[in-house]
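What follows is a single structure, written as structure tokens, with notes after it.
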Amino acid sequence: RMRQALAEFRISGVGTNVCFHESIMEHAVFLAGRLTTNFVAEHFSGGRCTGPPDLPLAEAAAVAAALYHYYDSKQIKQINGAAAQVSRWGAQGRTNDHRGKP
Numbered sequence: 003r004m005r006q007a008l009a010e011f012r013i014s015g016v017g018t019n020v021c022f023h024e025s026i027m028e029h030a031v032f033l034a035g036r037l038t039t040n041f042v043a044e045h046f047s048g049g050r051c052t053g054p055p056d057l058p059l060a061e062a063a064a065v066a067a068a069l070y071h072y073y074d075s076k077q078i079k080q081i082n083g084a085a086a087q088v089s090r091w092g093a094q095g096r097t098n099d100h101r102g103k104p
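This is the structure:
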């Protein structure tokens, strides 16, 4: 079940150690149950796994669009001569509160 869970695990954008755990699950010493507290130090010197894959173009575009929206929503509104941040989320909430009201 662990192998299947690791094989089905998907995450984008950050590195994980899933590859390392898959390597452990396939190791002959692990499969034989002959483990010690030095198992990793004795059998894994690193370099077996690669970093996270490059984001596909569509995912990179989605990240760029989200960042653009985030920074674009940081509009400054002048209230009584003082600058205040107005979020679109808050403005939409106020608009919804006043719909249908005279």
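Take this note's numbering: the last position of the sequence shown gets the number 104, and nothing is skipped along the way.
For each residue, glycine too, the CB sits at the ideal point set by N, CA and C.
Asked: Rounded distance between the beta-carbons of His23 and His45, thought under 8 Å; Found: With 8 Å as the limit, His45 and His23 do not qualify as a contact, their Cβ atoms being about 13 Å apart.
Asked: CB-CB length for Val20 against Phe32, believed under 8 Å; Found: Not a contact, Cβ separation roughly 16 Å.
Asked: Lys79 versus Ala63 - alpha carbon distance; Found: Unreliable positioning characterises Lys79 in this predicted model, as indicated by a pLDDT of 47, which lies under 50. The coordinate reading is nonetheless provided below. Cα to Cα, Lys79 sits roughly 29 Å from Ala63.
Asked: Where Arg12 falls: helix, strand or coil (DSSP); Found: coil
Asked: Selection from Gly92, Ile13, Thr18, Met27 that minimises the alpha carbon distance to Arg5; Found: Met27
Asked: Simplified DSSP assignment, three categories, for Leu69; Found: helix
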